[in-house]
Structure formats: C-alpha cells, structure tokens
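**Q** Got a structure here, written out as structure tokens. Questions coming.
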Amino acid sequence: MDARYTPITSTIWVAARDGDLAEGKPLVLTLNLSKIGFNTGISYDVEEYDVKTGDFIFHTAVSPTGGKLVLNVPRNALGFVDRRYVIYPASGRTPTVLRLQQGADGYTGAKDTYITMYGGEGSTDPHGSADRLLFAYDLRRKALLQFDLSSVPAGKLIKAAKLTVNLLETRSPGISLGVYEAKRSWLDTEATWEYPSLSRFWSVAGADGVGTDRAGAATYAVTNVGQAGSYILDVKPLVEQWLADPASNLGVLLIGNGSYATESYALASAEYGDPSKRPALEIWYMEPLVIA
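Written out as structure tokens, the structure is:
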C-alpha cells in the first residue's frame, strides 16, 4: 500500500493492490485523521477507482468515526485488488453520468461497421447499415465504432468511461476482445477490407497498419467472451484524449484473439432492432475540485 497526504489541502491519496492482503482476509484501511492533523469534525468525499476495470465509485460526505476514516478494499470482478483513493473535505460535488447510445434520449452520434477478409461475408461491401458487428479469434474480422462526444461539457474531469457491447449469440471457445484506438479516419457507409473510405486505402489491408491504421496495443481487453450478453471495456484514456484533442477521435477497432473457432462472433450494432443492446458509451465526469 502507498499513501501520502497534504495537510494544507487536507487531501489524502491511497493506493492498495494485490500483495497488501493477508491470505483469505479482506483488506481494511484505517486512516487516523487526527494523528495527521486533519479536521475530524467535518465530512470527507472519497473517490474510489479500480485500475483493472475502470470502475469509479464516489462516496459523498463520509464522516470520521473516532477521528478515523475506514476503507474496506474489495476484490473486483476479475479477482484483483488495485484501487486508488482520493480523499478530501466534502465539496458538494457529485458525478454526472452521460450515456451515449444510438437512439437513446435523441442521441444520433454513434456510427459503426465491420470489415472482413472473407468474400462470403462481404469483404468488398460496406456494412454500416448491418445490425451486427463481426469479429473472430484473429485479425481477419474487425468491428469499428465511433461516438460523437460534443455533448460532453467542456472543462470537466473525466472519472471513468466504459464501452458496453452485447454478444448476440453464445460462441465457443471464449476469446478475448480488445479495443484499439483507430489512427485513420473511416466512413461506416464506405469502409471495407481494403478501404476506410472510397478515397483512400488502409495502410495495410484490414486496417492492420500499426501506427497508421490503428494502435498496436489494446487500450483494454476483456477475456472469455463467448456467453451471449454484455461485455464492458474501459476506455477512459481514449475519452480523455479525444476530449482534449477532438480531431484525434477517429473511433476504435474491436479485435478478437484466441483459439481457433469456425464461426464469427456477432455484436449488436448501432442499428440493432433492440435499442438496449446497441453499443453504449458511459462517461462519468465532475466539476474540477476547488480548494479554498
């Protein structure tokens, strides 16, 4: 565990991770505020962030007990502990959650498609109007998605950003699904295996030009994708970048990786008939903290 504090602003930073837990026992952190000279007669806000999953939890106006704050540090759904806490005097701020999903609350800023090298799946056809996005165990099928972020207010602090996609049918084996930053602009109505749009080629067919078509490493990956249902990917670093530099928002590619499978895996697209299963981008943001 790592911890530091600043008495001037009454702010504490805590990092707790695997290796801090006794075998089979939960981790409980006790912060003795009176011992470090903090005001024990006021409440504190606690920001909790999970590094492995991107989960963000905001605990508002927590009152010390006996001059101490107690933090119960859980394992996440992946079985890991890697939490970051920021603790400061109650500010009156609360997070806002903005959900961007095609057709929801009038939002129309999502576009998506897929590209495939297989002629039988339409390698030379654009699939921007398809109700599903195909990917597979290797690089020969990829899904592309992009969200317009103009509805995110300027000057906010991004606390979390999650992309939720829905696998429509159960497949075996379970494979991983990674989200990769797109490096080249594309049009959902024109993109194919060879072309991101009719006016240009991919640097390498199938958007495989690392650094020119897409990033070489996944921003985040979820494993064991096979059971029909929803899967959540942490895209906070990308959303922060896109808001700082809107021109860099070229969307993402979803690429599978795993053992050989004879069938493709299908995600609901922005055109899917059940609106609740369409890709959704949720962004948690807050006002900047002003310390008197």
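Counting with the numbering used here, you get residues 64 to 355 for the letters of the sequence shown. Beta carbons are placed, not taken as given, at the ideal position from N, Cα and C, and that holds for glycine.
1) By the three-class DSSP mapping on this structure, what secondary structure does Ser339 have?
2) Quick one: residues in its chain with C-beta nearer than 8 Å to the C-beta of Ser235, no 5 flanking neighbours on either side, listed in chain order?
3) Take Pro309 as the anchor and find which of Gly279, Gln209 and Thr157 has the nearest alpha-carbon.
4) Quick one: using the 10 Å Cβ neighbour count with 16 as the cut-off for buried, is Ile346 buried or exposed?
5) Identify, in the order they occur along the chain, each residue of the same chain with its Cβ nearer than 7 Å to the Cβ of Ala254, setting aside the five sequence neighbours on each side.
6) Apply the 10 Å Cβ neighbour rule to Glu326 and answer buried if 16 or more other Cβ atoms are within range, or exposed otherwise.
7) Whose CA, out of Ile318, Val149 and Gly155, lies closest to the CA of Ile75?
8) Given a threshold of 16 other Cβ atoms within 10 Å of its Cβ, counted over all protein chains shown, does Pro338 qualify as buried or as exposed?
9) Name the one or two DSSP bridge partners that Val149 has.
10) Assuming Ala331 and Leu231 make a contact with CB atoms under 8 Å, what is their CB distance in whole Å?
11) List the whole-angstrom C-beta distance separating Tyr107 from Ala78, where the pair is believed to meet the contact cut-off of C-beta under 8 Å.
12) Which residue marks the beginning of the alpha helix (DSSP H) containing Gln304, and which one marks its end?
13) If distances are taken between C-alpha atoms only, which option among Ser214, Ala284 and Asn139 comes closest to Thr227?
14) The beta strand (DSSP E) that contains Gly319, what's its start and end?
15) I'd like the span of the beta strand (DSSP E) that includes Phe143, first residue to last.
16) So what does Gln164 bridge to, in DSSP terms?
17) Is the Cβ-Cβ distance between Leu352 and Val215 less than 8 Å?
18) Per the DSSP calculation, Ile295 is bridged to which residue(s)?
19) What residues are listed by DSSP as bridge partners for Met180?
20) Can you list the beta strand (DSSP E) stretches of 3 or more residues lying completely in the region 218 to 294, in chain order?
**A** Answer, in terms of the structure:
1) Counting from 1 along the sequence shown, the entry for residue 339 is found at position 276. Of the three classes helix, strand and coil, the one that applies to Ser339 here is helix, per DSSP.
2) The residue you call residue 235 lines up with position 172 of the sequence shown. Hits under 8 Å: Gly289 and Ala324.
3) The count along the sequence shown starts at 1 and reaches residue 309 at position 246. The shortest C-alpha separation from Pro309 is found at Gln209.
4) Along the sequence shown, read from residue 1 onward, the residue named residue 346 stands at position 283. Classification of Ile346: buried, given that the 10 Å Cβ count is 16 or more.
5) By 1-based counting over the sequence shown, the position of residue 254 is 191. Correct list, in chain order: Thr176, Ile178, Pro189, Leu207 and Ser260.
6) Taking the first residue of the sequence shown as position 1, residue 326 is located at position 263. Classification for Glu326: exposed.
7) Position 12 of the sequence shown, counting from 1, holds the residue named residue 75. Closest in C-alpha terms to Ile75, from the list Ile318, Val149 and Gly155, comes Val149.
8) In the sequence shown, residue 338 corresponds to position 275, counting from 1. It counts as exposed.
9) What you label residue 149 is simply residue 86 of the sequence shown in a count that begins at 1. Beta-bridge pairing links Val149 to Trp76 and Glu110.
10) By 1-based counting over the sequence shown, the position of residue 331 is 268. By 1-based counting over the sequence shown, the position of residue 231 is 168. With a Cβ gap of about 6 Å, Ala331 and Leu231 count as contacting.
11) Counting from 1 along the sequence shown, the entry for residue 107 is found at position 44. Counting from 1 along the sequence shown, the entry for residue 78 is found at position 15. Approximately 18 Å separates the beta-carbon atoms of Tyr107 and Ala78; this is outside 8 Å, ruling out the contact.
12) Translated into the one-based positions of the sequence shown, residue 304 becomes position 241. Lys299 to Ala307 is the extent of the alpha helix (DSSP H) around Gln304.
13) Locating residue 227 in the sequence shown gives position 164, where the first residue counts as 1. Nearest of Ser214, Ala284 and Asn139 to Thr227, Cα basis: Ala284.
14) As a working mapping, residue 319 is identified with position 256 in the sequence shown. DSSP places Gly319 in the uninterrupted beta strand (DSSP E) bounded by Val315 to Asn320.
15) The residue given as residue 143 occupies position 80 in the sequence shown. Segment: none, Phe143 is in no beta strand (DSSP E) and carries neither H nor E.
16) Taking the sequence shown and counting its residues from 1, one reaches residue 164 at position 101. The partner list for Gln164 (beta bridge, DSSP) reads Ala343.
17) Working through the sequence shown from its first residue, we reach residue 352 at position 289. Working through the sequence shown from its first residue, we reach residue 215 at position 152. Not a contact, by the Cβ cut-off of 8 Å.
18) The residue you call residue 295 lines up with position 232 of the sequence shown. Residue pairing of Ile295 in beta bridges, as defined by DSSP: Thr227.
19) On the sequence shown, position 117 is the one that residue 180 refers to. Answer by DSSP bridge pairing: none, since Met180 is not bridged.
20) Within the region 218 to 294, the complete beta strand (DSSP E) segments of 3 residues or longer fall at 220 to 230, 238 to 244 and 283 to 288, listed in chain order.
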